[in-house]
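In what follows, a single structure is set out as structure tokens and then discussed.
Number of protein chains: 2
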Amino acid sequence: MEGFPLGDEAHMPNLNAVLPSEIDRILSSVNDTNKRATLLATMCRINTLYMIARAGSGHIGSSFSCLDMVAWLYLNRVGPIHGKTLPDLFFSSKGHDAPALYSVLIALKLLPFEKIHSLRRLDGLPGHPDISIPHISTNTGSLGMGISKAKGLIQANRISGTKQNIFVMTGDGELQEGQIWESLMGATNAGMHELTVIVDHNKIQSDHWVSSTSDLGRLDERFKSFGWNVLRCDGHDTGQFSLAVKETDTSDKPSVIIADTIKGFGVSYLQPTELGDRDFYQFHSGALSQDNYAQAIEELCESANKQLKNSGSLPLNLETYEHEASSSLSPRENLIPAYSEALLKGGQENKNIVVLDADLVLDCGLVPFRETFPERYIECGIAEMDMVSQAGGLALAGKLPIVHSFACFLTPRANEQIYNNASERTKVIYVGGLAGVLPAGPGHSHQSVRDIALMSCIPNLIAIEPHSAEETKIAVNWMLNHTDQICYLRLTSIPVSLGFTSPEIDSFTPGQGTIIRDGTDGTILAYGPVMLAEAVAAAQLLEHNQDLKVRVINFPWLNLIDSEWLCEILNDTSYLMTVDNHYLSGGVGERVATTLMENGLSGSLGVKRVGINEVPVCGTNEEALSFHGLDRDSLSKSFLELRNDRKQNQF
Amino acid sequence: MEGFPLGDEAHMPNLNAVLPSEIDRILSSVNDTNKRATLLATMCRINTLYMIARAGSGHIGSSFSCLDMVAWLYLNRVGPIHGKTLPDLFFSSKGHDAPALYSVLIALKLLPFEKIHSLRRLDGLPGHPDISIPHISTNTGSLGMGISKAKGLIQANRISGTKQNIFVMTGDGELQEGQIWESLMGATNAGMHELTVIVDHNKIQSDHWVSSTSDLGRLDERFKSFGWNVLRCDGHDTGQFSLAVKETDTSDKPSVIIADTIKGFGVSYLQPTELGDRDFYQFHSGALSQDNYAQAIEELCESANKQLKNSGSLPLNLETYEHEASSSLSPRENLIPAYSEALLKGGQENKNIVVLDADLVLDCGLVPFRETFPERYIECGIAEMDMVSQAGGLALAGKLPIVHSFACFLTPRANEQIYNNASERTKVIYVGGLAGVLPAGPGHSHQSVRDIALMSCIPNLIAIEPHSAEETKIAVNWMLNHTDQICYLRLTSIPVSLGFTSPEIDSFTPGQGTIIRDGTDGTILAYGPVMLAEAVAAAQLLEHNQDLKVRVINFPWLNLIDSEWLCEILNDTSYLMTVDNHYLSGGVGERVATTLMENGLSGSLGVKRVGINEVPVCGTNEEALSFHGLDRDSLSKSFLELRNDRKQNQF
């Protein structure tokens, strides 16, 4: 559901946007409300591209497919501009289309224009919707929750005796989530005529066609069978869409408008016309390359100008902004390709391995396994609960299932199913990608900082987070071949400049870490590439600025501590700082401190835990680390505070 | 989904069962296979009643509604008696009907007859299915997972090149769970003709009619719209059922048999013929009173004898067993009525309170609120995810939603939805009943020993577990009126003989506990009625046997510690034992130990954590506490061990 910048090393000197004054001019030059919506959508596509190019990531395809409808809704029904006390409400359940929504809000001056420069930045516009932004009414981005949220809002309105229509946009891949269907029944039974769901039926999900991932079948019939009023239209034909919306007004049932759309609509090469069943759609998320960007702007301008010519208006005028493209040349540790390789090797050695995925085959690094062992690869679609319970069935039948999704979805959404499998005492391996607070651009729906807590209360489960490609391979091999326990592999998905050379790992002993950097003035214990990079850099700062030699320990065992080893390695240290790329509650630091307490190793040892304690912020990776006190500067400061606090206590 | 013995103080001197030899005689006296199934079901109803009466709890209604079909399947298709290498497989997704399944397995000698005496006992037959029992193929009981499990088994069979039909029984209320619909799609797309789902459509869920709880609408159409082969029959007419099963054999799609049944079928007063829309069905779970039991046996015998007479056989002969009815006369602390009262008071004082429930209105103590404020009560059906996200919508609209279910379902199944709500920084109160390891009879699907961990990693959430009726009211008042934070109220549902008089609670200070019993030879910290009762009793044992005076602290703040208070209260103690009615991982003990470590309170203080470390066992409450080392004897032993270990370390 979330990817990474496509044009990683792109240099993009100029970017274009449409200014509010220009939007005003153009909207006022067209009388027909549906045509105005189409024009607005075209301009918003340009601004959406601008935001995503500047941010370096974002969901283009999904934003473009829904934009005509979002533009129409705001021009005609939704938001304070229509003067009603309680105007109609719109929000997107998929949330991936946030840039589209922002561009409409900006165009209609419901958000200040300057915000256009701040997508996925700290205090800017979050990667997925957050109610801290004006006119954003719900937090979405993890799929399937929007209809339920709308039902709650409607229940509240009914209790308060107020009337309001609510439009909820869903994806079509999103309809694979069970909560969608769970939420339909209550709406029917409560006769929620105030509710209209719009399915942005662009027929492509994260990786492939919906039909080849997990076909939705007769979608109209499905909604009808749940007692809903079903309408269908071309989602790029604002005239058709407006008629469909009108029809919902007179329904005494909840309505769904199944809007046939095209992912990436408006730019030729973004549209998946030629895509084969197994080909990847390239523009689900991520920014465009420089050439692609220029071509897209050209096509969108051409489209706008054609519409303007018809109404006798002057062509579109674009503002140009310089773009500081970031480029990183230092070598970066990349865990996902290493995981791919180790998984493939595992598959070759053990015919019982079955791989399950929830629409993230590319992001989770599963392509080599799928290509080599298609008969042992099960694509479940966006259906995490079903995937996990299927894995349970496979394990009962003697297979070794390996289950994949992003950590933020897999570990909370299917938590009871994971526990149920554990109660059967079979072995299942769970792999959570995109773990930890980075990347910070997508925002809190995608930042997994609770998964260690959620998985550590599964009995008989061992959780591991490797920090390097090499350690990833070793961890996978250990999980496959050296334990009968349930395993959770926590993977950082972004490439990280470690800034140090990992020591060769000659043994991988459960509950024991390795020293990355030695020192006698204190110890920092961390895990994973992001925090180890910061911890080592913090130690270097402490050496440079304070002449302190601080040891850094890589501790990949998230819920397993060899207490003898721990006490021994801390024997000569007076200060221990643990660093969690996770909430403090349920993190590794808590487990380390508890072990030390139970083993009586205290008194002389000062312990401090550093980690996350609130909903993580959206921003650049540097912004988020700094905000949460997890960057190298903050870590070195925290370490000094630990020393000073402790010294004061002693004297 | 789970209740408590109805006949709490019932004295039931005699119970009846049908012996295997008698079952053999009767089955061999009837030639027609469908009639044999009906007779077998009738005898199994008698044995099911026996098991449940002996256990003191169990699901009668749901067992009786499915029994004709289960009996037919085992006589004709399922299990090793049919000689095939891989015979057809049957399991129940709802799992509540485990006694029915056990009675059939016992009747067909697939389980030893002696097991009939051991329902819900340690090393006996678990309250919900567990694969440790022969011929039980999956662990179920938490709803909605069965179809996914079957899909996994079928995927494994396909990979291995083996063929097997799988029959999965679901409830009808169970169809409110989103995972059901999530699981249907993949089965359709994979053309899983091996799969047949049988809906035991008895039209009653835990509390009320399905139609008045959350209507399923046109069920046939719903399954059809998902691409399934839909059959319908009378589930008590084994002839009709056999024809439906036959039709599934030739389908190239997955099939569903919607079997119209009657809850409690076979005994007149167990059948809900006269039940109004809001009346409670009384026989979802729990054992019968003595009179009801006798009448049920009489009716079932009469039914069997009528069938036997038709085939010219002698009437049914029953074995009689003496029953040691347990009775508890000591006063018991009961938190649920106190919660009811406090909730009602809250509702009167605050018009913004909206109560949400997932088909547990009775068990969660919501009847008074519902009766008084029907307009602010939302019955969501068995749809925890939808309920939690609806609560999020209500909170966004300024209401104060209070969300109810059993802790075992609410906290893991809707965990991502709870987190999503938290990310909106609104206030929602979550109330999890049936929390902790007791009652132990229902088994691990219902024993909530992970919820503190699952809720403590929700940012800005405070979790509280009161130990008395009085403290429950104080906690509710505090949550409603004295905090803006998200709250989780963890409630023990069984009445508990505390064995001590609770000190009057004059202040309820966040992060601080109260001393229940003082002493200077060490401290036990616990929470909730079950563990405080055992802790105080352990302290009494230690005083009586060892002359040790041990302090017991009631600490209701599950994830919040006032470290200054903690350090002060432990200042004069050398040994601290924490007791978790929860897994050690993520429990209160971990948080206490961490706080002590960070505050440098160690060296002289020996700390030991006691709690659960594995999948909890099914059994009587006493058996489960003892197994997990949480009964008074084990606790006093653990405390002595802590003293001895520490002394050895010191010298």
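Chains A and B, in that order, are what the protein sequence lines are. Going by the numbering used here, the first sequence opens with residue 1, and the numbers climb by one from there. Going by the numbering used here, the second sequence opens with residue 1001, and the numbers climb by one from there. Even glycine gets a Cβ: it sits at the ideal position worked out from N, Cα and C. Computed from a predicted model, the values in this text were never measured in an experiment.
Self-check item: Partners in chain A for ARG1490(B), counting only beta-carbon separations shorter than 7 Å
Solution: Residue numbering aside, residue 1490(B) sits at position 490 when the second sequence is read from its first letter. The premise fails here: ARG1490(B) is roughly 14 Å from chain A at the closest Cβ pair, so nothing lies under 7 Å.
Quiz prompt | Cutoff 6 Å; reference LEU1560(B); Cβ partners in own chain excluding five residues on either side | solution = Within the second sequence, the letter at position 560 stands for residue 1560(B). So the qualifying residues of the chain are ILE1462, PRO1510 and GLY1511.
Quiz item: Which of helix, strand or coil does DSSP assign to THR196(A)?
Solution: As a position in the first sequence, residue 196(A) is number 196, starting the count at 1. In this structure, DSSP gives THR196(A) an extended state, which the three-state scheme calls strand.
Practice problem: Compute the Euclidean distance between the alpha carbons of VAL588(A) and THR578(A), then round it to the nearest angstrom. | Solution: If you number the first sequence from 1, residue 588(A) lands on position 588. If you number the first sequence from 1, residue 578(A) lands on position 578. Distance between VAL588(A) and THR578(A), taken at the CA atoms: about 8 Å.
Exercise. Return the CA-CA distance between ALA1287(B) and VAL355(A), expressed in angstroms with no decimal places.
Key: The residue labelled residue 1287(B) in the question sits at position 287 within the second sequence. The residue labelled residue 355(A) in the question sits at position 355 within the first sequence. Taking the straight line joining both Cα atoms gives about 45 Å.
Quiz item: Exposed or buried, which one is LEU396(A) when buried takes at least 16 other CB atoms within 10 Å?
Solution: Within the first sequence, numbered from 1, the residue matching residue 396(A) stands at position 396. Its Cβ being crowded by 16 or more others within 10 Å, LEU396(A) is buried.
Quiz item: Going straight from the alpha carbon of GLU299(A) to that of GLY239(A), what length do you get?
Solution: In the first sequence, counting from the first residue as 1, residue 299(A) sits at position 299. In the first sequence, counting from the first residue as 1, residue 239(A) sits at position 239. Cα to Cα, GLU299(A) sits roughly 23 Å from GLY239(A).
Quiz item: Given that ASN1157(B) touches chain A, what residues does it touch there, using C-beta distances under 9 Å?
Solution: On the second sequence, position 157 is the one that residue 1157(B) refers to. Those are ALA397, listed as they occur along chain A.
Quiz item: Between ILE1204(B) and CYS1380(B), what straight-line distance do the alpha-carbon atoms span, to the nearest angstrom?
Solution: Sequence index remark: in the second sequence, residue 1204(B) carries index 204 (1-based). Sequence index remark: in the second sequence, residue 1380(B) carries index 380 (1-based). Annotation: ILE1204(B) to CYS1380(B) spans about 15 Å, alpha carbon to alpha carbon.
Quiz item: Quick one, which residues of the segment 1566–1599 of chain B are near chain A if we go by CB-CB under 8 Å, in chain order?
Solution: Those residues of the segment 1566–1599 of chain B that come within reach of chain A (Cβ to Cβ, closer than 8 Å) are TYR1583, SER1585, GLY1586, GLY1589, GLU1590, ARG1591, ALA1593, THR1594, LEU1596, MET1597 and GLU1598.
Quiz item: With 8 Å set as the bound, which would you pick, yes or no: does the beta-carbon of TYR659(A) sit closer than that to a beta-carbon of chain B?
Solution: With chain A covering 1 to 651 only, the question about residue 659(A) has no answer from this structure.
Quiz item: What is the C-beta distance between LEU1086(B) and THR1162(B), in whole angstroms, given that I count them as a contact (C-beta under 8 Å)?
Solution: One-based indexing of the second sequence puts residue 1086(B) at position 86. One-based indexing of the second sequence puts residue 1162(B) at position 162. Indeed, because the Cβ distance is near 6 Å, the residues count as touching under 8 Å.
Quiz item: Hey, how far is the Cα of LEU576(A) from the Cα of GLU1324(B)?
Solution: Here residue 576(A) refers to the residue found at position 576 of the first sequence. Here residue 1324(B) refers to the residue found at position 324 of the second sequence. Cα to Cα, the separation comes out at about 58 Å.
Self-check item: Proximal residues, the segment 178–210 of chain A versus chain B, C-beta separation under 8 Å
Solution: The residues in question are GLY178, GLN179, ILE180, TRP181, GLU182, SER183, MET185, GLY186, THR188 and ASN189.
Quiz item: With a Cβ-Cβ cutoff of 8 Å, do MET1387(B) and VAL1361(B) count as a contact?
Solution: Along the second sequence, read from residue 1 onward, the residue named residue 1387(B) stands at position 387. Along the second sequence, read from residue 1 onward, the residue named residue 1361(B) stands at position 361. When the beta-carbon positions are compared, MET1387(B) and VAL1361(B) stay at least 8 Å from each other.
Practice problem: Enumerate in chain order the residues of its own chain whose CB-to-CB distance from HIS201(A) is below 8 Å, with the five nearest sequence positions on each side excluded. | Solution: Counting from 1 along the first sequence, the entry for residue 201(A) is found at position 201. The beta carbon of HIS201(A) is closer than 8 Å to those of ASP172, LEU219, GLY235, ILE258, ALA259, ASP260 and THR261 in its chain, skipping five residues each way along the sequence.
Quiz item: Terminal residues of the continuous alpha helix (DSSP H) containing VAL245(A)?
Solution: As a working mapping, residue 245(A) is identified with position 245 in the first sequence. Element bounds for VAL245(A): 238–249.
Practice problem: Just the C-alpha distance for ARG1232(B) and SER1423(B), rounded to the nearest angstrom, thanks. | Solution: Taking the first residue of the second sequence as 1, we reach residue 1232(B) at position 232. Taking the first residue of the second sequence as 1, we reach residue 1423(B) at position 423. The alpha-carbon atoms of ARG1232(B) and SER1423(B) are separated by roughly 45 Å.
Exercise. For TRP1426(B), count neighbouring C-beta atoms within 10 Å of its own C-beta (all shown protein chains included) and say buried if the count is 16 or more, exposed if not.
Key: Counting from one through the second sequence, the residue named residue 1426(B) turns up at place 426. A quick correction: the sequence has Thr, not Trp, at residue 1426(B). Label assigned to THR1426(B): buried.
Quiz item: Do three or more CB pairs link the segment 101–109 of chain A to the segment 15–24 of chain A at distances below 8 Å?
Solution: Cβ pair count under 8 Å is three or more, so yes.
Quiz item: Taking C-beta to C-beta, are TRP1209(B) and ASP1291(B) nearer than 8 Å?
Solution: Working through the second sequence from its first residue, we reach residue 1209(B) at position 209. Working through the second sequence from its first residue, we reach residue 1291(B) at position 291. Cβ distance not < 8 Å, so TRP1209(B) and ASP1291(B) don't count as in contact.
Quiz item: Can you list, in chain order, the residues of its chain whose CB lies under 7 Å from that of GLN1447(B), leaving out five sequence neighbours each side?
Solution: Against the second sequence, residue 1447(B) aligns to sequence position 447. Here the set comprises CYS1408, VAL1437, ALA1440 and PRO1616.
Practice problem: Could you work out which residue in GLU1177(B), HIS1096(B) and ASN1644(B) is closest to LEU1125(B) when comparing CA atoms only? | Solution: Here the question's residue 1125(B) lines up with position 125 in the second sequence. Minimum Cα distance to LEU1125(B) is reached at HIS1096(B).
Quiz item: Does any residue of chain A bring its CB to less than 8 Å from the CB of MET1385(B)?
Solution: By one-based count along the second sequence, residue 1385(B) stands at place 385. For MET1385(B), a Cβ of chain A is located within less than 8 Å of the residue's own Cβ.
Quiz item: Which value, in whole angstroms, describes the spacing of the CA atoms of ASP237(A) and GLY1346(B)?
Solution: Here residue 237(A) is taken as the residue at index 237 of the first sequence, counted from 1. Here residue 1346(B) is taken as the residue at index 346 of the second sequence, counted from 1. Between the alpha carbons of ASP237(A) and GLY1346(B) lies a gap of roughly 51 Å.
Quiz prompt | Alpha-carbon spacing of ILE198(A) relative to THR514(A), whole angstroms | solution = In the first sequence, residue 198(A) corresponds to position 198, counting from 1. In the first sequence, residue 514(A) corresponds to position 514, counting from 1. The straight-line gap from Cα to Cα measures roughly 53 Å.
Quiz prompt | Sequence-distant residues of its chain with Cβ nearer than 7 Å to PRO1503(B) (five each side left out) | solution = For the purposes of this step, residue 1503(B) is taken as the residue at position 503 of the second sequence. Cβ neighbours of PRO1503(B) within its own chain (closer than 7 Å, five residues either side excluded): THR1514 and ILE1516.
Quiz prompt | Residue span of the alpha helix (DSSP H) that contains PRO1368(B), given as start and end | solution = Indexing the second sequence from 1 puts residue 1368(B) at position 368. Boundaries of the alpha helix (DSSP H) around PRO1368(B): 1367–1372.
Quiz item: Which residues in chain B sit within 7 Å of ALA391(A), going by Cβ to Cβ distance?
Solution: Position 391 of the first sequence, counting from 1, holds the residue named residue 391(A). GLY1152, listed in chain order.
Quiz item: In chain B, what lies closer than 8 Å to PRO459(A) by C-beta?
Solution: Mapped onto the first sequence, residue 459(A) falls at position 459. Taking a Cβ-Cβ threshold of 8 Å, the residues of chain B close to PRO459(A) are TYR1583, ASN1613, GLU1614 and VAL1615, in chain order.
Self-check item: Bounding residues of the alpha helix (DSSP H) (the contiguous stretch that carries ASN599(A))
Solution: Along the first sequence, read from residue 1 onward, the residue named residue 599(A) stands at position 599. Careful: ASN599(A) lies outside any alpha helix (DSSP H) and carries neither H nor E.
Self-check item: Residue burial classification, GLU564(A) (beta-carbon count within 10 angstroms, cutoff 16)
Solution: The count along the first sequence starts at 1 and reaches residue 564(A) at position 564. Per the 10 Å Cβ criterion, exposed.
Quiz item: In chain order, what residues of the same chain lie with their CB nearer than 7 Å to the CB of LEU216(A), ignoring the 5 residues before and after it?
Solution: Translated into the one-based positions of the first sequence, residue 216(A) becomes position 216. A distance below 7 Å between beta-carbons, with the five flanking residues on each side excluded, links LEU216(A) to the following residues of its chain, in chain order: ASP172, LEU175 and VAL210.
Quiz item: Is DSSP giving SER206(A) helix, strand or coil here?
Solution: Numbered from its first residue, the first sequence carries residue 206(A) at position 206. Correct three-state label for SER206(A): coil.
Self-check item: HIS444(A) at chain B interface by Cβ criterion, 8 Å
Solution: By one-based count along the first sequence, residue 444(A) stands at place 444. For HIS444(A), the answer is yes, since a Cβ of chain B falls inside 8 Å of its Cβ.
Quiz item: Which residues in the same chain have their Cβ closer than 6 Å to the Cβ of GLU1177(B), if we skip the five residues on either side of it in sequence?
Solution: Here residue 1177(B) is taken as the residue at index 177 of the second sequence, counted from 1. The beta carbon of GLU1177(B) sits closer than 6 Å to the beta carbons of LEU1143, GLY1144 and ILE1382 from its chain, once the five residues preceding and following it are set aside; these are given in chain order.
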